[in-house]
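Letter by letter, the sequence shown follows residues 105 to 300 of the numbering used here.
Right, one structure below, let's go through it.
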Amino acid sequence: MAAKKKSAPRKNTALFIPEKIAPLVHVLRHEKVILDTDLAELYGVETRSINQAVQRNLDRFPADFMFQLTENEMEILISQIAISSAGQSNLKSQTVISSSHGGRRHRPYAFTEQGVAMLSSVLRSPRAVEVNIAIMRTFVQLRRLMDSNALLAEKIQSLEAKYADHDQQFQLVFDAIRQLIAFDDTPKREMGFHAE
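Listed below in structure tokens is the structure:
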């Protein structure tokens with residue numbers, strides 16, 4: 105009889121639910137991306153480990169899978185994080201990408217959905233697989249949300265077009281009412297009897 109292989113104790117999978125991952129997704133260059141620092145935290149490795157794995161497999165990461173942020177994109181991202189985190193005491197992401205006070209020496213990398221999938225295949229750890237599944241679910245959930253928002257915007261636009269003619273009709277009614285109640289300065293003959 106073969107000895108059973110002991111499985112490693114499961115990590116806290118509550119960290120890997122879409123609601124926890126969604127705030128880490130940013131839109132840059134019209135793409136939904138996750139920064140290397142956030143991925144490193146999810147995968148439980150150092151950021152430089154991710155960057156080294158990418159450098160060893162650079163041919164697997166074309167520009168539509170991963171790109172390095174420009175200085176301008178970093179500033180925009182820092183301001184977005186600061187604004188969205190106003191009122192919260194945790195500005196960790198801001199300090200992670202900040203260049204002052206011992207922050208990063210290099211601009212961060214942003215990974216698209218395809219880049220995240222490729223990264224988990226490069227890292228090849230059970231946790232990477234688990235995190236990758238959670239991230240893919242998050243991207244799918246965000247895509248569905250954006251599709252439903254687009255459908256809602258389309259319905260609103262059709263309602264506006266449908267009632268545009270009614271708006272003109274309402275305007276005519278209001279104009280007629282204004283004319284009826286407009287003050288007329290022409291002297292009118294008094295009504296009634298006058299006693300002298």
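Ideal placement from N, C-alpha and C gives every residue a C-beta, glycine not left out.
- Cβ contact annotation for V226 (same chain, cutoff 6 Å, sequence separation greater than five): A157, N161, in chain order.
- Listed in chain order, the non-local C-beta contacts of S229 below 8 Å within the same chain comprise Y147, local neighbours out to five positions each way being set aside.
- S183 and D163 have their alpha carbons spaced roughly 33 Å apart.
- One thing to note: F171 has its Cβ within 8 Å of the Cβ of Y213.
- For N155, the closest alpha carbon among the candidates F215, E123, A254, S252 is that of F215.
- Collapsing the DSSP output to three states places L223 in a helix.
- If you compare the alpha carbons of L223, R209, M250 with that of Q159, the shortest gap goes to L223.
- Counting C-beta atoms within 10 angstroms of its own C-beta, V220 has 16 or more neighbours from the protein chains shown and is therefore classed as buried.
- Following the DSSP letters along the chain, one finds V158 inside the alpha helix (DSSP H) bounded by residues 151-160.
- According to DSSP, K136 shares a beta bridge with V131.
- Going by beta carbons, A238 and P122 fall inside the 8 Å limit.
- Among the bridge pairs identified by DSSP, F215 is matched with I138, M170.
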